[in-house]
Amino acid sequence: MRVRMRPGRAQALLGRPLRDLADRALPLRELPGLDVDQLATDPIAALEEALADWPEPPERLEEAAHLLVGATVATTAARLHISERRLHTLFTAGTGLSPKHFARIDRVRTLLAADAGRWSDIAATAGYYDQSHMTAEFRHFMGVPPAAFTAGRRPAATPCTA
Numbered sequence: 004m005r006v007r008m009r010p011g012r013a014q015a016l017l018g019r020p021l022r023d024l025a026d027r028a029l030p031l032r033e034l035p036g037l038d039v040d041q042l043a044t045d046p047i048a049a050l051e052e053a054l055a056d057w058p059e060p061p062e063r064l065e066e067a068a069h070l071l072v073g074a075t076v077a078t079t080a081a082r083l084h085i086s087e088r089r090l091h092t093l094f095t096a097g098t099g100l101s102p103k104h105f106a107r108i109d110r111v112r113t114l115l116a117a118d119a120g121r122w123s124d125i126a127a128t129a130g131y132y133d134q135s136h137m138t139a140e141f142r143h144f145m146g147v148p149p150a151a152f153t154a155g156r157r158p159a160a161t162p163c164t165a
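The working numbering numbers the first residue of the sequence shown as 4 and each following residue consecutively.
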């Protein structure tokens, strides 16, 4: 099962800042307020119930996530009228990622959603400096270059050890 949440929402579910959990696997039974048995039978209801009493994430975090698409960290901080340091703190607590890392992942997601075409055009549309920059970043996150990925040559899956 994969659950995708708006930035800041997972912090409420996990009950702690996500910077403490970044790059770690967490057993389901350790999630506070989550009925694991109900999650197995009705995942949507279990997550809705677990999140029902939690406040909405800070609007500023959602706005920052939206602004980071296609903008630099400095530009995003300036638009929010906060310092880059404050943006970094807000973002890592709410998402577990730095703003720059979040923006890099978003660019790769843009590539995955792109229609077929010339890689140089796709790179420019996604906000990369050039095609080699796009290829290096894609390889960093996905393990293979974009052309290999779209051709179905993907790295072997590694099992979770938690």
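All C-beta atoms, glycine included, are put in the ideal place defined by N, C-alpha and C. Everything numeric in this text was worked out from a predicted model, so none of it was measured.
How big is the Cα-Cα spacing for residue i and residue j?
i	j	result
A117	I125	7 Å
F152	T78	32 Å
Y131	T138	10 Å
H143	Q134	14 Å
P30	A159	23 Å
P46	E52	10 Å
L42	A48	8 Å
S86	T128	28 Å
T95	L71	14 Å
Can you tell me the Cβ-Cβ gap for residue i and residue j, rounded? I've got them flagged as a contact below 8 Å.
i	j	result
E140	R121	Wrong, their Cβ atoms sit about 18 Å apart, outside the cutoff.
E66	L83	7 Å
Confirm the yes/no value for this check: CB of residue i, any heavy atom of the ligand ZN, distance under 7 Å.
i	result
H143	Within the structure as shown, the ligand ZN is missing, as the structure has no ligands at all.
Given that a residue counts as buried once 16 or more other Cβ atoms are within 10 Å of its Cβ, and exposed if not, what is residue i?
i	result
L100	buried
L64	buried
G97	buried
P149	buried
L21	buried
L50	buried
A28	exposed
V167	Nothing can be reported for residue 167: it is not among the residues displayed for the chain, which extend from 4 to 165.
P102	buried
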